[in-house]
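Asker: Would you mind keeping the following structure in view while I ask a few things?
There are 2 protein chains.
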Amino acid sequence: MTSSDKLVRTQGVTAPLGFRAAGIAAGIKATGKPDLALVVNEGPECGAAGVFTRNKVKAAPVLWSQQVLTGGRLRAVILNSGGANACTGPGGFQDTHATAEELAKALSNWGTETGAGEIAVCSTGLIGDRLPMDKVIPGVTEIVHEMAGGISGGTDAAHAIMTTDTVPKEAAYHHHDKWNVGGMAKGAGMLAPSLATMLVVLTTDAVATPEQLDSALRKATSRTFDRLDVDGSCSTNDTVLLLASGASEVTPAQEDLDAAVLAVCDELAGQLMADAEGVTKRVLVTVRGAVDEDQALIGARAVARDSLVKTAIFGSDPNWGRVLAAIGIAPIDLEPDRISVSFNGNPVCVGGMGAPGAREVDLSGADIHIVIDLDLGQGEATIRTTDLSHGYVEENSAYSS
Amino acid sequence: MTSSDKLVRTQGVTAPLGFRAAGIAAGIKATGKPDLALVVNEGPECGAAGVFTRNKVKAAPVLWSQQVLTGGRLRAVILNSGGANACTGPGGFQDTHATAEELAKALSNWGTETGAGEIAVCSTGLIGDRLPMDKVIPGVTEIVHEMAGGISGGTDAAHAIMTTDTVPKEAAYHHHDKWNVGGMAKGAGMLAPSLATMLVVLTTDAVATPEQLDSALRKATSRTFDRLDVDGSCSTNDTVLLLASGASEVTPAQEDLDAAVLAVCDELAGQLMADAEGVTKRVLVTVRGAVDEDQALIGARAVARDSLVKTAIFGSDPNWGRVLAAIGIAPIDLEPDRISVSFNGNPVCVGGMGAPGAREVDLSGADIHIVIDLDLGQGEATIRTTDLSHGYVEENSAYSS
């Protein structure tokens with residue numbers, strides 16, 4: 001990111017040229033809140049890439065969108081936040097298919113000739129219930145009419161994909177060569193009450209092949225969304241999509257595209273962490289000195305998922321012994337006597353033993369950075385997580401019905 | 001267990017012949033509560049076996065006791081509940097060694113000729129602080145004088161190893177052939193505020209070699225304590241010991257010894273679950289129909305550790321979608337469309353889809369049994385766990401200092 005590039009949080013998927021978006025309340029949510037979002041790529045190109053949940057139990061829209069993406073093209077993404085459409089069997093898959101068909105018809109009527117095979121579908125909400133298709137189908141026609149150009153359409157869409165999120169998440173990167181990457185996101189891990197899923201749609205007006213998009217997206221997600229771990233739970237519906245319109249007529253170098261996509265993903269991942277379920281502390285867990293990056297990542301994730309570490313942080317308790325116990329059970333190389341730990345830069349454990357003043361370190365602030373140095377090699381990785389609070393328990397123990 | 005065998009909860013380590021035990025307040029805990037326990041094997045034999053934490057960060061007493069156990073003999077076990085003596089470096093190891101030496105001297109003075117190499121040491125409490133040896137050493141002499149025969153000594157010892165436990169845990173198995181197995185336990189996982197550890201001491205008056213004891217102990221722990229998973233956190237101090245006095249002069253068949261040790265371990269594991277941190281529900285997670293038992297165990301553990309499943313159960317919420325999401329990310333073979341789930345015998349998911357009435361299943365009781373049938377093979381395993389409650393967060397977010 002050079003000095004003349006710019007990353008902003010006030011624009012999203014419609015910041016790049018060639019995209020329209022909308023968000024409406026279609027009546028899928030009983031609350032009447034916005035629940036249907038649309039992002040349309042008006043071209044001239046429509047290359048695309050996607051990354052999906054690793055959960056073996058995949059929602060119908062994930063199965064559908066994975067299949068669509070094999071073609072490397074996407075004309076539009078339709079997203080609903082009123083139900084996950086997961087564990088709904090063949091009927092649920094037919095609902096997804098019907099939604100894509102309906103959108104293809106509506107977009108074609110509106111002047112953008114499209115087939116269902118160029119339309120991705122995303123869903124988020126309670127697992128296990130069929131969607132109210134009597135709301136979804138009319139909603140699809142309505143939202144095509146609501147599509148707006150400019151930034152407001154993107155913001156409406158970012159609102160319409162929210163479940164337990166308290167704020168919409170948007171980011172846009174403006175490259176000095178006059179091409180852009182935009183994005184929106186919702187969720188973090190599995191959200192209460194069981195409103196599954198992280199959904200992210202990224203857009204760019206750069207000229208790029210599906211292969212280039214795929215490469216940029218995988219590199220970015222592996223370092224951002226894949227390293228965000230609120231509660232260790234991987235949803236049935238996680239989806240990250242990247243659509244390219246080519247409307248800027250600029251063909252960036254791969255490394256510039258990589259950097260811009262990474263910057264937007266990193267910003268969105270930070271916003272997801274900050275708005276996670278019941279969060280009172282934003283926590284970074286860094287493992288360095290591991291034998292390689294993979295082991296550093298496994299170690300950082302083990303600490304970030306440890307309930308005892310997370311509750312200690314909720315209590316602003318510099319209980320470093322729990323960090324040692326958590327890293328000690330991770331399936332990685334380590335020598336207990338070489339481990340050092342710091343909290344927000346204050347050494348609490350040096351060479352496997354407590355440091356002077358370790359029990360008095362002040363963790364009352366909202367940002368906590370735990371650094372664990374294994375002193376074995378050069379591997380380093382950081383996981384973003386949160387504390388485990390009463391708020392998390394409260395939100396996630398509420399009735400699903 | 002034949003009809004004339006008997007399992008009781010009112011006796012512990014002194015139920016078998018040939019054992020004495022005691023528990024005292026030595027001043028290691030600032031609260032003045034009992035904090036030092038002793039179990040002595042008066043023989044005639046002193047074969048023993050032990051199972052220890054898999055955590056790579058091992059407390060000094062674990063390192064010590066593992067070394068002692070290579071000899072296959074134990075004359076005594078000294079346990080303190082006022083500090084884990086973990087992450088305390090060479091000084092902490094010397095403290096453990098000095099404790100064993102002191103006990104060997106006191107027992108020899110008392111008439112039981114013993115060396116430090118026949119004494120196991122167990123510790124539990126906050127990780128990272130040195131023990132107050134000015135309390136421990138006089139305590140060791142005092143407790144030898146306090147040793148009582150009969151059942152009360154065992155119960156005193158069971159009290160003295162408690163940290164955040166609310167009740168002592170004891171069990172004894174009386175075989176109709178006139179030999180016995182007794183045991184005591186404390187803790188479950190890592191306990192707040194960071195009072196690490198599950199400690200278990202088992203005794204038997206059967207005649208058995210160290211190899212037979214080791215075999216019985218490993219088989220029993222793999223099916224009981226290893227399948228108790230309150231918060232996924234593995235302590236630095238976990239220790240399970242089995243001491244045999246041979247005082248009954250009965251040599252049981254291996255399968256009978258196995259069964260008796262398993263029965264006592266199973267009873268103690270159940271008591272640990274029932275008294276775990278912040279528990280409001282006792283939860284069994286069974287996976288059946290896996291391709292083998294190992295995969296069933298991995299799957300059951302994944303569900304038992306899932307924060308969203310555990311908070312849903314705290315809320316008495318039959319949110320079966322979270323169970324599907326949790327099992328779906330486990331690294332085991334499964335076909336989503338073949339998975340069925342029941343809560344307390346009520347089908348909530350059949351063939352990967354919701355069952356009629358699933359949202360209305362009543363989970364308001366204190367005992368919840370989740371059964372997940374993968375419909376692939378004969379593998380089956382059960383994990384004991386608890387819900388994730390406000391109480392758990394409260395206890396574990398309290399200051400360590």
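Residue numbers (the UniProt record's numbering), protein chains in the order written: chain G, 1 to 401; chain B, 1 to 401.
Heads up, the beta-carbon is just placed ideally off N, CA and C, and yes, glycines get one too.
Between the segment 204-217 of chain G and the segment 274-291 of chain G, are three or more C-beta pairs nearer than 8 Å?
Answerer: Contact fails: fewer than three Cβ-Cβ distances are below 8 Å.
Asker: Using the Cα positions of asparagine 41 of chain G and valine 181 of chain G, report the straight-line distance between them to the nearest angstrom.
Answerer: For the purposes of this step, residue 41 of chain G is taken as the residue at position 41 of the first sequence. For the purposes of this step, residue 181 of chain G is taken as the residue at position 181 of the first sequence. Their backbone Cα atoms lie some 13 Å apart in a straight line.
Asker: Just to confirm, are residue 432 of chain G and alanine 220 of chain G a CB contact at a threshold of 7 Å?
Answerer: Absent from the structure is residue 432 of chain G, since the part of chain G shown begins at 1 and ends at 401.
Asker: Assign glycine 23 of chain G to one of three DSSP states: helix, strand, or coil.
Answerer: Translated into positions along the first sequence, residue 23 of chain G becomes position 23. Here glycine 23 of chain G sits in strand by DSSP.
Asker: Taking one C-beta from the segment 68-86 of chain G and one from the segment 262-280 of chain G each time, how about it: are there three or more such pairs within less than 8 Å?
Answerer: Not touching, per the Cβ criterion.
Asker: Within a Cβ cutoff of 6 Å, which residues of the same chain sit near glycine 154 of chain B, ignoring the five residues on either side of it in sequence?
Answerer: Residue mapping note: residue 154 of chain B aligns to position 154 of the second sequence, counting from 1. Cβ neighbours of glycine 154 of chain B beyond the five flanking positions: Gly12, Val13, Thr14 and Ala21.
Asker: Note down, in chain order, all residues in the segment 36-65 of chain G with a beta-carbon under 8 Å from any beta-carbon belonging to chain B.
Answerer: Answer set for the segment 36-65 of chain G: Arg54, Asn55, Lys56, Val57 and Lys58.
Asker: Just to confirm my understanding: we take aspartate 205 of chain G, look at its own chain, exclude 5 residues before and 5 after, and list those with CB closer than 6 Å. What are they?
Answerer: Within the first sequence, numbered from 1, the residue matching residue 205 of chain G stands at position 205. For aspartate 205 of chain G, where only same-chain residues beyond five positions count, the Cβ hits under 6 Å are Pro16, Leu17, Gly18, Trp179, Asn180, Ser245, Ala247 and Ser248.
Asker: Taking the beta carbon of glutamate 118 of chain G as the centre, do at least 16 other beta carbons fall within 10 Å, making it buried, or is it exposed?
Answerer: The residue you call residue 118 of chain G lines up with position 118 of the first sequence. Answer is buried; the Cβ neighbour count reaches 16.
Asker: Less than 8 Å between the CB atoms is what I'm expecting for leucine 334 of chain G and leucine 376 of chain G, so what's the real figure, rounded?
Answerer: Counting from 1 along the first sequence, the entry for residue 334 of chain G is found at position 334. Counting from 1 along the first sequence, the entry for residue 376 of chain G is found at position 376. With 8 Å as the limit, leucine 334 of chain G and leucine 376 of chain G qualify as a contact, their Cβ atoms being about 7 Å apart.
Asker: Please name the residues in the segment 376-391 of chain G whose beta-carbon is closer than 8 Å to at least one beta-carbon of chain B, in chain order.
Answerer: Within the segment 376-391 of chain G, the qualifying residues are Leu388, Ser389 and His390.
Asker: Kindly confirm or deny that the segment 286-300 of chain B and the segment 312-320 of chain B touch, where touching means at least three C-beta pairs closer than 8 Å.
Answerer: Segments in contact, no.
Asker: At what residues does the beta strand (DSSP E) containing valine 287 of chain G begin and finish?
Answerer: For the purposes of this step, residue 287 of chain G is taken as residue 287 along the first sequence, with counting starting at 1. Looking at the DSSP string, the run of the beta strand (DSSP E) that includes valine 287 of chain G is 282-290.
Asker: Quick test of your reading: glycine 183 of chain B and methionine 198 of chain B, contact by CB under 8 Å. State the CB separation rounded to the nearest angstrom.
Answerer: Numbered from 1 along the second sequence, position 183 holds the residue referred to as residue 183 of chain B. Numbered from 1 along the second sequence, position 198 holds the residue referred to as residue 198 of chain B. Their Cβ separation, rounded to whole angstroms, is 12 Å, which puts glycine 183 of chain B and methionine 198 of chain B out of contact at 8 Å.
Asker: Could you have a look at leucine 69 of chain B and say whether DSSP puts it in helix, strand or coil?
Answerer: Position 69 of the second sequence, counted from the start, is the residue given in the question as residue 69 of chain B. Here leucine 69 of chain B sits in helix by DSSP.
Asker: What does the alpha-carbon distance come out to for the pair serine 401 of chain B and cysteine 349 of chain G?
Answerer: Your numbering for residue 401 of chain B matches position 401 in the second sequence. Your numbering for residue 349 of chain G matches position 349 in the first sequence. Legend: pLDDT at serine 401 of chain B = 35, less than 50; position of this residue unreliable, value from coordinates given subsequently. Using only the alpha carbons, I get a separation of about 16 Å.
Asker: Taking the straight line between their C-alpha atoms, what separation do you get for isoleucine 298 of chain B and isoleucine 383 of chain B?
Answerer: On the second sequence, position 298 is the one that residue 298 of chain B refers to. On the second sequence, position 383 is the one that residue 383 of chain B refers to. Spanning the two alpha carbons is a distance of roughly 10 Å.
Asker: Evaluate proline 90 of chain B with the Cβ neighbour count: other Cβ atoms within 10 Å of its Cβ, from every protein chain shown; 16 or more gives buried, anything less gives exposed.
Answerer: Position 90 of the second sequence, counting from 1, holds the residue named residue 90 of chain B. By the neighbour-count rule (16 or more Cβ atoms within 10 Å), proline 90 of chain B is not buried but exposed.
Asker: Using a Cβ-Cβ cutoff of less than 7 Å, which residues in the same chain neighbour leucine 191 of chain G once the five nearest sequence positions on both sides are dropped?
Answerer: Here the question's residue 191 of chain G lines up with position 191 in the first sequence. Confidence is the limiting factor: at leucine 191 of chain G the pLDDT is only 43, short of 50, which leaves the residue's position unreliable, though a coordinate-based value still follows. Same-chain partners within the cutoff: Thr163, Thr164 and Glu277.
Asker: Give the DSSP bridge partners of threonine 203 of chain B, in chain order.
Answerer: Mapped onto the second sequence, residue 203 of chain B falls at position 203. Bridge partners of threonine 203 of chain B: B:Gly182 and B:Leu243.
Asker: In whole angstroms, give me the CA-to-CA distance for proline 44 of chain G and glutamate 395 of chain B.
Answerer: Counted from its first residue, the first sequence places residue 44 of chain G at position 44. Counted from its first residue, the second sequence places residue 395 of chain B at position 395. So the alpha carbons of these two residues sit roughly 59 Å apart.
Asker: What are the residues of the segment 351-364 of chain G that lie near chain B, defined by any Cβ-Cβ distance shorter than 9 Å?
Answerer: Listed by position along the chain: Gly351, Gly352, Met353, Gly354, Ala358, Arg359 and Glu360.
Asker: For leucine 324 of chain G, which residues in chain B fall below 8 Å Cβ to Cβ?
Answerer: Counting from one through the first sequence, the residue named residue 324 of chain G turns up at place 324. Ordered by position in chain B, the residues that pass the 8 Å Cβ test against leucine 324 of chain G are Val57, Ala86, Cys87, Ile127, Gly128 and Thr236.
Asker: Considering only C-alpha positions, which residue in the set B:Asp373, B:Asp387 and B:Ala84 is nearest to serine 364 of chain B?
Answerer: Translated into positions along the second sequence, residue 364 of chain B becomes position 364. Ranking B:Asp373, B:Asp387 and B:Ala84 by Cα distance to serine 364 of chain B puts B:Asp387 first.
Asker: Under three-state DSSP, which class holds aspartate 362 of chain B?
Answerer: By 1-based counting over the second sequence, the position of residue 362 of chain B is 362. Here aspartate 362 of chain B sits in coil by DSSP.
Asker: Less than 7 Å between CB atoms is the rule here; does isoleucine 329 of chain G satisfy it with respect to chain B?
Answerer: In the first sequence, counting from the first residue as 1, residue 329 of chain G sits at position 329. At least one chain B Cβ lies under 7 Å of isoleucine 329 of chain G.
Asker: Please go through the same chain and pick out, in chain order, the residues whose beta-carbon is closer than 6 Å to the beta-carbon of leucine 308 of chain G, but skip the five residues on each side of it.
Answerer: Numbered from 1 along the first sequence, position 308 holds the residue referred to as residue 308 of chain G. Excluding sequence neighbours, leucine 308 of chain G sits near Arg322.
Asker: Going residue by residue through the segment 215-273 of chain G, where are the continuous beta strand (DSSP E) segments of at least 3 residues, counting only ones entirely within it?
Answerer: Within the segment 215-273 of chain G, the complete beta strand (DSSP E) runs of at least 3 residues are 239-244.
Asker: Just the Cα atoms here: how many angstroms apart are alanine 25 of chain G and glycine 125 of chain G?
Answerer: Within the first sequence, the letter at position 25 stands for residue 25 of chain G. Within the first sequence, the letter at position 125 stands for residue 125 of chain G. So the alpha carbons of these two residues sit roughly 15 Å apart.
Asker: Below 9 Å on C-beta distance, what does cysteine 349 of chain B contact in chain G?
Answerer: Taking the first residue of the second sequence as position 1, residue 349 of chain B is located at position 349. Result: Cys87 and Gly128.
Asker: Whole angstroms is fine: what's the gap from leucine 228 of chain G's alpha carbon to lysine 29 of chain B's?
Answerer: Along the first sequence, one-based indexing puts residue 228 of chain G at 228. Along the second sequence, one-based indexing puts residue 29 of chain B at 29. If I take the Cα positions, the gap works out to 40 Å.
Asker: Starting from valine 51 of chain B, follow its DSSP beta bridges and name the residues at the other end.
Answerer: In the second sequence, residue 51 of chain B corresponds to position 51, counting from 1. Answer by DSSP bridge pairing, in chain order: B:Val240.
Asker: Are there three or more Cβ pairs, one per stretch, closer than 8 Å when the segment 249-257 of chain B is compared with the segment 224-241 of chain B?
Answerer: Contact between the segment 249-257 of chain B and the segment 224-241 of chain B is absent, because fewer than three Cβ pairs lie under 8 Å.
Asker: Determine the contact status of isoleucine 327 of chain B and isoleucine 372 of chain B, defining contact as a CB-CB distance below 7 Å.
Answerer: The residue labelled residue 327 of chain B in the question sits at position 327 within the second sequence. The residue labelled residue 372 of chain B in the question sits at position 372 within the second sequence. For isoleucine 327 of chain B and isoleucine 372 of chain B, yes; Cβs fall inside 7 Å.
Asker: Is the Cβ of serine 194 of chain G closer than 7 Å to any Cβ of chain B?
Answerer: Reading the first sequence from its first residue, position 194 is the one you call residue 194 of chain G. With a pLDDT of 37 at serine 194 of chain G, under the threshold of 50, the modelled position of that residue is not reliable, and the figure given next carries that caveat. So, interface residue.
Asker: If you measure between the beta carbons of lysine 56 of chain B and threonine 236 of chain B, is that distance less than 7 Å?
Answerer: Along the second sequence, read from residue 1 onward, the residue named residue 56 of chain B stands at position 56. Along the second sequence, read from residue 1 onward, the residue named residue 236 of chain B stands at position 236. No, these two residues do not count as a Cβ contact at 7 Å.
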